[in-house]
Every structure is written in C-alpha cells, then in structure tokens.
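Quick note, the sequences are listed as chains A and B, same order. Under the numbering used here, the first residue of the first sequence is numbered 1, with each subsequent residue one higher. Under the numbering used here, the first residue of the second sequence is numbered 1001, with each subsequent residue one higher. All residues carry an ideal CB built from backbone N, CA and C; glycine is no exception. Here's the structure, in structure tokens; my notes come after.
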Amino acid sequence: MADKPSDLVQGTLDMLILKTLALEPMHGYGIAVRLEQMSKGVFRLNAGSLFVALQRLQRAGLTKSEWKATENSRRAKYYVLTEQGRRRLNSETREWGRQVAAIARILEAS
Amino acid sequence: MSLLRSIAAGLQSLFRKEQVSSELDEELDGFLEMAAEEKMKRGMSRKDALRAVRLERGSLEVTKESLRSAGWESSVETLWHDVRFSARMMRKSPGFTTVVVITLALGIGANTAIFSVINSVLLRPLPYRESSRLIVLNETTPKVGDVSVSYQNFLDWRTASHTFSQMVAVASVDFNLAGVTQPENISGDAVSPNFLSMMGVRPILGRDFDASEEKAGTAPVVLLSYAL
C-alpha cells in the first residue's frame, strides 16, 4: 500500500513525543494529530504504540500528567514535559543529528 | 529516581487496579471520541467515524492489553495467576500431589544429607592452623604398599628434609585404665612433643609436651582428651 503511513524508525517515537510536548502540554489524541500534521501525514500513530510510549515516558519521569478540560470541554489527560524530559529531548536531538549526518555521509560516499 | 517511580506506578496498578483501569478507559475513550468527532465534522456518521478510527488507530482493547502487559507489574500478576492455577490443579488431584511432594522431600533430604557429608569431609578445612599445609607421610614398599614409618627413619627424615617446616611422629598406643570399678582399654596416640604446637592447638588445662620429654628414659607425660 503506497499511501500507508510509514513506520517510525525504531526508538524515535519517544523523542518525537517529547518534542511535541516541548511545544505545549497535550493529550494523547492531540499528540497523534500534531505528529501527523508536523510530518505532513507521513507518521500516523497507532493508539497502542502511542499510549505504551506515554506510559513508558511517564514511568521514566520524563513526563507528568494531569486531567484537564479540553477546548471542547471534554475531560482529557494532559501530558507535560518535566525538566528531566527536556534534558533528554536535547540530548536525543543532538545524538539524532549526529547519526543522521553520519548515515548521510555513508550513503553519499562514492 | 525513575526506578522508584516505576515501582510506585507498578504497585499502583497492582493494588488500585479499579482506579488505574477506569482512568485508562476514560483516557482511551476520550482518544476514540476526539478522533471520531474530527471525522464527523467532515460529514461521516458517528458509527462510520468510530469504525474508521478503529481501523486507522488499531483496536482500543488491544491497546489496553499492551499497556497492561508493558509494565513489570504484569509479570507479578501473571505469576500470581499461575500460582493460583497450580494450587487449584493440585487440589484436584491429591494423589499426584502427594507423590510429587514426597518425591521432592526425599530428593531434597538426600541431597542435604550427602552435601553435609561432602562439606565436612571434602570442603571444610580441618580445624587446625594452616591445615592446607598438613600432610601425612608414609613409607611404601613394593609388595605391601603404605606401611608405617620406623622411628629411626622418622629421625632421619626430620634431620635431612628441608621440605617441611616441622615433622611429627604419631603411633597408636593402647592403655589399660585400672583402679576404677570396671577396668577399661583406652586407645590413644604416642606423639612427638611438637604435635599440638604444630597444629596450633593448646591444652585447656596443664601444659603442652616439652621437647626434652622426647628422649628415652624420661618420665611418661600424658594429655587427656574429652574422649576419655
């Protein structure tokens, strides 16, 4: 299926969620929509992988959560980046940049 | 501490299962509703919208299941289920259970017994000073094999050998205990004066043998053991 959204590179989902939350606190659906928008529809998150990742991030202390009302006055669990999460996002972003540059150098070698 | 947090979160889902699970239900329902609303805005019927979300995002039941099995607490729960299941099975077939329990008991008992023998005979060092350096020397003859050492040979070994820091002669001796109601034969050992000091053992009462007492003609000296 050509129009099927791509799978994420392994291990990058956590980083992308942290990035989304760095912009503003967000509930699960919001994160999924935001990731889809920012990737221009390339990444469409499955609910399973999204919520498992959210649980993992929270247990690692990278996010916190609280119940709040949405703009449509529905109750939703909002996830907030912690200071530790912000640091992790920075270090992972740097590492990702390093790796992408390295892979690019390899692929461009002739 | 992320480890502590993970433990706390796991304990919470173990012991406040209802609350954690209803919160999870609410969160996932919210997810479904919000995604469906989006589609209904674009003119889908509610039923079609819910169906489309399930197709796109995967079933929420599966999500719940994978969330439940993602934490460490799920293995505790599985273990608990297994324990209960095996207890039920054992109650169902008491004959089999009895056989298994007896087999295990005998097996463990035999193992323990054999290990205590091996431990005291092979593993635990002798309760003497530098027991790893203690060696029993014998003379051997081609026909008989190990034979006891003659006293003259012992004296030669002791003066000529530089391999051992000390050498001690031991020979079994029988005594007759008289002067009590029933005379008794007592087995003992005749030993060189440095026998006890070499082992690092000191008599509780009285004194150790003296080097001068090794010569023939001196008065016999005896040390009594608890065995008497």
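Same chain, Cβ closer than 7 Å to residue i, five either side skipped, listed in chain order
i, result
"Thr20 of chain A", "Met26, Ile31, Arg34 and Leu35"
"Ala1190 of chain B", "Ala1171 and Val1173"
"Val100 of chain A", "none"
"Asp1208 of chain B", "Leu1196, Ser1197 and Arg1202"
Through-space distance from residue j to residue i, alpha-carbon basis
i, j, result
"Arg88 of chain A", "Leu62 of chain A", "8 Å"
"Gly1179 of chain B", "Phe1154 of chain B", "36 Å"
"Ala1070 of chain B", "Gly1109 of chain B", "41 Å"
"Arg1005 of chain B", "Phe1015 of chain B", "15 Å"
"Ser73 of chain A", "Val42 of chain A", "30 Å"
"Thr1218 of chain B", "Ser1132 of chain B", "34 Å"
"Met1044 of chain B", "Arg44 of chain A", "20 Å"
"Gly28 of chain A", "Tyr78 of chain A", "7 Å"
"Lys64 of chain A", "Leu57 of chain A", "9 Å"
"Glu66 of chain A", "Asn1111 of chain B", "57 Å"
"Leu1055 of chain B", "Val9 of chain A", "22 Å"
"Gln1019 of chain B", "Ser39 of chain A", "35 Å"
"Lys68 of chain A", "Ala53 of chain A", "20 Å"
"Thr1181 of chain B", "Val1221 of chain B", "24 Å"
"Gln37 of chain A", "Leu1024 of chain B", "25 Å"
"Leu1003 of chain B", "Arg1084 of chain B", "29 Å"
Within chain A, the residues that residue i reaches when beta carbons sit closer than 9 Å
i, result
"Met1034 of chain B", "His27, Gly28, Tyr29, Gly30, Val33, Thr70, Asn72, Arg74 and Ala76"
"Gly1030 of chain B", "His27, Gly28, Tyr29, Thr70, Arg74, Arg75, Ala76 and Lys77"
Cβ-based burial, residue i [other Cβ within 10 Å; buried from 16]
i, result
"Leu50 of chain A", "buried"
"Glu83 of chain A", "exposed"
"Ser1075 of chain B", "exposed"
"Ala2 of chain A", "Confidence is the limiting factor: at Ala2 of chain A the pLDDT is only 40, short of 50, which leaves the residue's position unreliable, though a coordinate-based value still follows. It is exposed - the Cβ of Ala2 of chain A has fewer than 16 other Cβ atoms within 10 Å."
"Ala1008 of chain B", "exposed"
"Asp1156 of chain B", "exposed"
"Gly1145 of chain B", "exposed"
"Asp1048 of chain B", "exposed"
"Leu59 of chain A", "What sits at residue 59 of chain A in the sequence shown is Arg, not Leu. Buried is the call here."
"Thr1063 of chain B", "buried"
"Gln55 of chain A", "buried"
"Arg1057 of chain B", "buried"
"Leu81 of chain A", "buried"
"Ser1212 of chain B", "exposed"
"Leu1067 of chain B", "buried"
Proximal chain B residues relative to residue i, where beta-carbon distance stays under 9 Å
i, result
"Arg141 of chain A", "Absent from the model: residue 141 of chain A. The displayed extent of chain A is 1 to 110, so no value can be given."
"Gln37 of chain A", "The premise fails here: Gln37 of chain A is roughly 12 Å from chain B at the closest Cβ pair, so nothing lies under 9 Å."
"Gln99 of chain A", "Within 9 Å Cβ-Cβ: nothing; Gln99 of chain A doesn't reach chain B, min ~24 Å."
"Ala102 of chain A", "Those within 9 Å of Ala102 of chain A in chain B number zero; the least Cβ separation is about 29 Å."
Of the residues the options, the one placed nearest residue i, counting alpha carbons only
i, options, result
"Gly1188 of chain B", "B:Phe1175, B:Ser1197, B:Met1090 and B:Phe1195", "B:Phe1175"
"Leu1032 of chain B", "B:Ala1052, B:Arg1124 and B:Ala1087", "B:Ala1052"
"Met15 of chain A", "A:Arg105, A:Ile106, A:Ile103 and A:Gly97", "A:Gly97"
"Ser1225 of chain B", "B:Glu1214, B:Asp1210, B:Arg1202 and B:Ala1035", "B:Arg1202"
"Leu112 of chain A", "A:Glu66, A:Arg86 and A:Val52", "No answer is possible for residue 112 of chain A: the residues shown for chain A start at 1 and end at 110."
"Ile1204 of chain B", "B:Leu1104, B:Leu1223 and B:Arg1042", "B:Leu1223"
"Asn1185 of chain B", "B:Glu1214, B:Ser1161 and B:Leu1228", "B:Leu1228"
"Gly1241 of chain B", "B:Gln1152, B:Thr1163, B:Glu1130 and B:Ala1087", "Outside the displayed span of chain B (1001 to 1228) sits residue 1241 of chain B, for which this structure offers no information."
"Gly1010 of chain B", "B:Asp1025, B:Phe1115, B:Val1221 and B:Glu1077", "B:Glu1077"
"Asn1138 of chain B", "B:Leu1028, B:Phe1115 and B:Val1168", "B:Val1168"
Residues that residue i contacts on chain B, provided the C-beta gap is smaller than 7 Å
i, result
"Val52 of chain A", "Ser1066, Leu1067 and Ala1070"
Other residues of its chain near residue i: CB distance less than 6 Å, five sequence neighbours each side excluded
i, result
"Thr70 of chain A", "Ala76"
"Thr1140 of chain B", "Asp1146"
"Glu1073 of chain B", "Gly1010, Ser1013 and Leu1014"
Within chain B, the residues that residue i reaches when beta carbons sit closer than 8 Å
i, result
"Arg105 of chain A", "Correct list: empty, because the minimum Cβ distance to chain B is about 34 Å."
Interface residues of chain A facing residue i [CB-CB closer than 7 Å]
i, result
"Ala1009 of chain B", "Arg59"
"Thr1098 of chain B", "Ordered by position in chain A, no residue passes the 7 Å Cβ test against Thr1098 of chain B, which lies about 45 Å from the chain."
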